[in-house]
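Novice:
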Amino acid sequence: MSKELKTERVPIMFEPALLKQIDDYSFEHRIRTRAETVRRLVLKGMEKPETQKADATA
């Protein structure tokens, strides 16, 4: 993970079912905060191979 300071805030709302999935992922991976969990999931989603990204936009 980057040690760069986190200076930008992004307000976001989740439905309860998705928030439970995020919390479950956090617990399974021993991540302490929701914010860190969301950051990791975003980065993980952005690491998909280009072929999968192209399929998702089609």
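In our numbering, the protein residues as written are -6 to 51.
Ideal Cβ positions, reconstructed from N, Cα and C, are used throughout, including at glycine.
All of these numbers come straight from a predicted model, not from anything done at the bench.
Using the C-alpha atoms, what's the distance from residue 30 back to residue 37?
Specialist: When rounded, the distance between both Cα atoms is 10 Å.
Novice: Suppose you measure from the CA of residue 22 to the CA of residue 33; what does that come to, to the nearest Å?
Specialist: Distance between the alpha carbons of residue 22 and residue 33 is about 11 Å.
Novice: Of all Cβ atoms in chain D, is any one closer than 8 Å to the Cβ of residue 21?
Specialist: Looking for chain D here will not work: only one protein chain is present.
Novice: If you follow the alpha helix (DSSP H) that residue -2 is part of, which residue opens it and which one closes it?
Specialist: That residue, residue -2, is in no alpha helix (DSSP H); it is neither H nor E in DSSP.
Novice: With distances taken between CB atoms, is the gap from residue 15 to residue 25 smaller than 8 Å?
Specialist: Result no, Cβ atoms of residue 15 and residue 25 do not sit closer than 8 Å.
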